[in-house]
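Novice: First the structure, which I've put down as structure tokens, then a few questions once you've had a look.
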DNA sequence: AACAATTATTTGCAAATTGCAAGTAATTGC
DNA sequence: GCAATTACTTGCAATTTGCAAATAATTGTT
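Following this line, the structure appears as structure tokens:
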């Protein structure tokens, strides 16, 4: 029972990574895993700048700048100057980008439902509470697990 | 409360990824995240072949072959032909590789302890049980989350 | 035993991804 | 009004990637 903590988490996050990879390939748009993460983050932040998203994802900003360019070419995200500070580019999903993100999201949730189908209702609730707890706890721990933006 | 399942997991795995990245940089050997994962996997499998580890990590085998080469140059892993089938190369950690892996492992566990320090003993136990449950459940779900080797 | 088929791994190459250094453009502070 | 800062972009040059093809060892077939 007293399994190494790290092992437990390592296995879990590896599996979740595979799921993520599968889903973004399955969505028909031939999106890379990195691109999928970008779409996710742009969708979930409020009027994010390039800098903000890059930091959230822990990517070098010059690399990220180019990733944004390629997603714009694919017509999945768009970039508009912030009217209040024209140095800043605000990112958003295009209609097509929203569709792709929604597609991925649905697949992920479907897979996750599948995973939870092996559990009782009580177990499922416990697991959800646990992940919520972990997220909160990791956010508190300033030493690690977060980027400057949290 | 009824947060999107995927969101919950996405945030968690992102955070865990940062932790992983931090740890392998902090270990003094300037190991990349990919290299850290390879060390972990080689250590945890029994006499793994190149093919096996590549599959576990979901990496293309040609790419992986080269990653192995660079880790051999760094004197962190070694490669010996399987006496029963000399096509197969069996991977193992060198003494130095073991040290690096142990170093990373300790750091990870230390960070994780830190995360758990924000919880009560009951909460901690619940979280551990939950992750164990998830791992089992993801393994059962053949549709996703695993490579051919599980 | 001979030789096609399979399996494990390695290279050639060309494309994609990365990050540092240096650049531009807009804003802030003194 | 001009130096300092901030947000972002480009020029490289190095690394990483994966497909196609090669090599080497083993297995199956006759």
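Residue numbers (full-length UniProt numbering), protein chains in the order written: chain A, 1 to 150; chain B, 1 to 150.
No residue lacks a Cβ here, since even glycine has one placed at the ideal position from N, Cα and C.
Since the model is a prediction, treat every value here as computed from it, not as a measurement.
1. In chain order, what residues of the same chain have a beta carbon less than 8 Å from the beta carbon of residue 41 of chain B, not counting five sequence neighbours either side?
2. Is the stretch 100-111 of chain A in contact with the stretch 81-92 of chain A, if contact means three or more CB pairs nearer than 8 Å?
3. Flag residue 135 of chain B as yes when its Cβ comes closer than 7 Å to any non-hydrogen atom of the ligand FAD, and as no otherwise.
4. Figure out for me which residue from B:64, B:60, B:116, B:94 has the closest Cα to the Cα of residue 5 of chain A.
5. Out of A:61, A:97, A:83, state which residue places its alpha-carbon closest to the alpha-carbon of residue 36 of chain A.
6. Curious, which full-length beta strand (DSSP E) runs of at least 3 residues does the stretch 60-86 of chain A contain?
7. Would you call the CB atoms of residue 92 of chain A and residue 77 of chain A closer than 8 Å?
8. What is the DSSP secondary structure of residue 131 of chain A, reduced to helix, strand or coil?
9. Can you name the residues of chain B whose CB is closer than 9 Å to the CB of residue 58 of chain A?
10. Would you check if the distance between the CB atom of residue 9 of chain B and the CB atom of residue 112 of chain A is smaller than 8 Å?
11. Using a Cβ-Cβ distance cut-off of 8 Å, determine whether residue 64 of chain B contacts chain A.
12. Is there a Cβ of chain B sitting closer than 8 Å to that of residue 36 of chain A, yes or no?
13. Where are the alpha helix (DSSP H) runs, 4 residues long or more, that stay fully inside the stretch 21-60 of chain A, in chain order?
14. Do you know whose CA, among B:13, B:118, B:139, B:50, lies nearest residue 69 of chain B's CA?
15. Specify the secondary structure class of residue 137 of chain A as computed by DSSP and reduced to three states.
16. Chain B partners of residue 10 of chain A, CB-CB under 7 Å?
17. Give the single residue among A:82, A:127, A:26, A:137 whose Cα lies nearest to the Cα of residue 138 of chain B.
18. Can you check whether the C-beta of residue 55 of chain A is within less than 8 Å of a C-beta belonging to chain B?
19. Compare the C-beta of residue 127 of chain B against all C-beta atoms of chain A and say whether one is closer than 8 Å.
Specialist: Considering the structure as presented:
1. Here the set comprises 48, 53, 56, 57.
2. A contact is defined here as three or more CB-CB pairs under 8 Å, and the stretch 100-111 of chain A fails this definition with respect to the stretch 81-92 of chain A.
3. The ligand FAD is not part of the structure shown, which contains no ligands of any sort.
4. Of the candidates B:64, B:60, B:116, B:94, B:116 places its Cα closest to the Cα of residue 5 of chain A.
5. For residue 36 of chain A, the nearest C-alpha among the options comes from A:97.
6. Entirely contained in the stretch 60-86 of chain A, the beta strand (DSSP E) runs reaching 3 residues are, in chain order, 77-82.
7. Yes, they are a contact pair.
8. DSSP, reduced to helix, strand and coil, places residue 131 of chain A within a helical segment of the structure shown.
9. Chain B residues near residue 58 of chain A: 14, 17, 18, 21.
10. Yes, these two residues count as a Cβ contact at 8 Å.
11. Answer no: the Cβ-Cβ gap between residue 64 of chain B and chain A never drops below 8 Å.
12. No, residue 36 of chain A lies away from the interface with chain B (no Cβ there is under 8 Å from its Cβ).
13. Those alpha helix (DSSP H) runs which fall completely within the stretch 21-60 of chain A and span 4+ residues are 33-44, 50-57.
14. Answer by Cα proximity: B:50.
15. Reduced to three states, the DSSP call for residue 137 of chain A is helix.
16. Close partners of residue 10 of chain A in chain B (Cβ separation under 7 Å): 40.
17. Ranking the options by Cα distance to residue 138 of chain B, first place goes to A:127.
18. Residue 55 of chain A does not count as touching chain B.
19. True, the Cβ-Cβ gap to chain A drops below 8 Å.
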